[in-house]
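First up is the structure itself, then whatever we jot down about it.
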Amino acid sequence: MYQYYFRPAYKSEELLIDIFGGAENENFISDFLNAIAVLNPTMTDILDLWMNDEVLMSFDSEIGSFTLSKDIWGLAFITAEHNQKGLLKINSILENSEMFTKVEVDFERYK
């Protein structure tokens, strides 16, 4: 089971999906892609930011582009800077997935 917040980025109006529980699981990426398979995501780029211990994966899908970043500390973020409607759709899919649990968060914490 994965836990996530659907929240604003710090000091921003842009929303993101912050997966804080379970992203360290070696099956996380495949589980996430299986959960959103209806969107037909296709990886377009992968960037290993070894200095930050982070990997950035860019995807195109039926709802537009988005990025999945995952670090070695067990955190993952799904962002879509110019595709907030797509991010809303991903959130909706995860809310209905048995593998993901959305945890409500106070948006004021991120101002």
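All letters in the sequence shown, in the order written, are residues 24 to 134 by our numbering. Glycine residues also receive a C-beta, built at the ideal position from the N, C-alpha and C atoms.
- Check the Cα spacing between T124 and each of A60, S84, N114, N106: the tightest is with N114.
- In the DSSP annotation of this structure, the continuous segment of the alpha helix (DSSP H) that includes K112 starts and ends at 107-118.
- With 16 or more other CB atoms across the displayed protein chains lying within 10 angstroms of its CB, S84 is buried.
- Going by C-alpha positions, P64 is about 31 Å away from K134.
- With a 10 Å radius around the Cβ and a threshold of 16 neighbouring Cβ atoms, F130 comes out exposed.
- Closest option to L56, judged by alpha-carbon separation, among L117, E127, R132: L117.
- The criterion of a C-beta distance shorter than 9 Å is not satisfied by A46 and G109.
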